[in-house]
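One rule links them: number in the working numbering = place in the sequence shown (from 1) + 846. Contents: one structure, followed by commentary.
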Amino acid sequence: MSEIRTIGILGGGQLGRMLSVAASRLGLRCHIFEPGAAPAGDVAWRVTNAPYEDEAALREFALSVDVITYEFENVPTSALDLLESIRPIRPNRRALAVSQDRLTEKTFLNDIGLTTAPFADVPDQAALEGAIAQIGRPSILKTRRMGYDGKGQVRIGKDGQADWTGAPSVLEGFVAFTAEISVIIARGADGQVAAFDPGLNVHEGGILRTTTVPSGQPARVSTDAVLIAARIANALDYVGVLGVEMFVTPQGLIVNEIAPRVHNSGHWTQAGCAVDQFEQHIRAVASLPLGDGKRHADVVMENLIGDDMDRVPDLLRAPRTQVHLYGKGEARPGRKMGHVNRISG
Ligand code: AMP
């Protein structure tokens, strides 16, 4: 068995919560570090509620754990520097740096031979016109940092005014995709990888609505998708679970973005696989052998967003349906409150 007993998790949202539950099943315990509300705190060994600028709190947190992981990639560099001087961070800093910044991310992906949407650096509003001339319309302007669930994005139509995001951005060419898929892959410290089947993702208003497995894509596309995810994981010398979102196009797969953590589009694995993405991540960061990624059921995962919570009583009565609720207080519009996994085959 590994020497790792206590895992530190940066971020206390639903992903941290489900990681913590998975760790407890393996006899491990989690210490959550979260500046705000922490739904993960309800199920964790310890919670530190402090800002990322609180050096004493960071130090105490790091000393209390054997390894540090994260469920949230926008942790300030100064906090990471301090933590890393005390305990290892898995996945590594390079994976974080690459995925924190869309410009770095796309450049990295192109450098390892993968296709992204055409893009241009737009450091300020003055650079926007030149970028549009280069990339064309329609296109999407996205902030380089801190964007998630479609936030920090401005669509630039065929004609008309182009709004500014208010922060350094990249302009991406609009991809006419036939489907959006994602691969969730785990990589251990010894380089072993285990991929889950690609899922078909449907977004509404920039937020993931459903993930369906099998994805309905031809085997060739699924194989390509898994190979792309493995190439990224190897190139980053990655340890943990990685989510890779891709667009399917007639010309092949285009990588949209990578998430250096468990991913919403991998929640279906809780009902579809013996070892789900949360346990896989814990196994990887705790230097335990990975489980296989084999799928034993067809699953549709649906996010419960905002007042979808009103449907919970009915969902609890539905057959072959797993209900996961995150224990968050208020069901605000656009807020992910839980998800359901419907087993369909
Ligand atoms: P993102 O925050 O980059 O994952 O974008 C959120 C969603 O916007 C994606 O899942 C797509 O549905 C859509 N989207 C993002 N980038 C593009 C693009 N370059 N072309 C077409 N659709 C996009």
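All C-beta atoms in this analysis are idealised placements derived from N, C-alpha and C, irrespective of residue type, glycine included. What you are looking at is a predicted structure, and each value in this text was computed from that prediction instead of being measured.
Run of the beta strand (DSSP E) containing residue i, from where it starts to where it stops
i, result
"Leu1134", "That residue, Leu1134, is in no beta strand (DSSP E); it is neither H nor E in DSSP."
"Thr1011", "Neither: Thr1011 is in no beta strand (DSSP E) and is coded neither H nor E."
"Ala1041", "Val1039 to Ala1041"
"Glu1050", "Gly1045 to Glu1050"
"Leu1205", "Residue 1205 lies beyond the stretch modelled for the chain, which goes from 847 to 1191, so this question has no answer here."
"Ser1205", "Nothing in the structure corresponds to residue 1205, since the chain is present only between 847 and 1191."
"Leu1150", "Val1145 to Ile1151"
"Ile850", "Note, Ile850: premise wrong, no beta strand (DSSP E); not H, not E."
"Gly1184", "Lys1182 to Ile1189"
"Arg892", "Arg892 to Thr894"
Residue i CB to nearest heavy atom of the ligand AMP below 7 angstroms
i, result
"Asn1102", "yes"
"Gln1126", "no"
"Gln999", "yes"
"His1170", "no"
"Val1021", "yes"
"His1049", "yes"
"Lys988", "yes"
"Arg1177", "Rather than Arg, the amino acid found at residue 1177 in this sequence is Ala. For the ligand AMP, not one heavy atom lies less than 7 angstroms from the Cβ of Ala1177."
"Ala963", "yes"
"Glu951", "no"
"Glu830", "The displayed coordinates of the chain run from 847 to 1191. Any statement about residue 830 would go beyond what the structure contains."
"Glu1148", "no"
"Glu880", "no"
"Glu1026", "yes"
"Glu975", "no"
"Glu901", "no"
"Glu1091", "yes"
"Glu1018", "yes"
Cβ-heavy atom distance, residue i to the ligand ADP, below 7 angstroms
i, result
"Gly1052", "With respect to small molecules bound, the structure shown includes the ligand AMP and not the ligand ADP."
Test item: CB-CB of residue i and residue j under 8 angstroms
i, j, result
"Met864", "Phe1023", "no"
"Ala1143", "Leu1099", "no"
"Tyr898", "Gly857", "no"
"Val1059", "Leu1017", "no"
"Pro1044", "Ile1027", "yes"
"Glu951", "Ile1151", "no"
"Met853", "Ala1132", "One detail in the question is off: residue 853 reads as Ile in this sequence, not Met. Result yes, Cβ atoms of Ile853 and Ala1132 sit closer than 8 angstroms."
"Gln999", "Gly1052", "yes"
"Ile986", "Phe1020", "yes"
"Ala1013", "Leu1046", "no"
"Asp888", "Gly1173", "yes"
"Gly1003", "Arg983", "yes"
"Ala902", "Thr894", "no"
"Asp1138", "Ala1040", "yes"
"Leu960", "Val1094", "no"
"Arg948", "Leu928", "no"
"Gly862", "Ala896", "no"
"Ser1190", "Val1145", "yes"
"Asp900", "Glu849", "no"
Segment limits, alpha helix (DSSP H) that includes residue i
i, result
"Asn956", "Arg948 to Asp957"
"Ser866", "Gln860 to Arg871"
"Arg905", "Glu901 to Leu909"
"Gly1173", "Element bounds for Gly1173: n/a, residue is neither H nor E."
"Ala882", "This sequence places Gly at residue 882; Ala is not what is there. Per DSSP, Gly882 belongs to no alpha helix (DSSP H) and is neither H nor E."
"Gly1118", "Thr1115 to Gly1118"
Below-8 angstroms beta-carbon distance, residue i vs any chain C residue
i, result
"Asp1156", "Here chain C cannot be found, since the structure has a single protein chain."
Report the start-end ranges of each alpha helix (DSSP H) in the segment 1058-1103 that is 4 residues or longer and not cut off at the edges. Fully enclosed alpha helix (DSSP H) runs of no fewer than 4 residues occupy 1065-1081 of the segment 1058-1103, in order along the chain.
Completely contained beta strand (DSSP E) runs for the segment 960-1004, where each covers 3 or more residues: 965-968, 985-989 and 999-1002
Completely contained beta strand (DSSP E) runs for the segment 907-942, where each covers 3 or more residues: Complete beta strand (DSSP E) runs here, min 3: 913-916.
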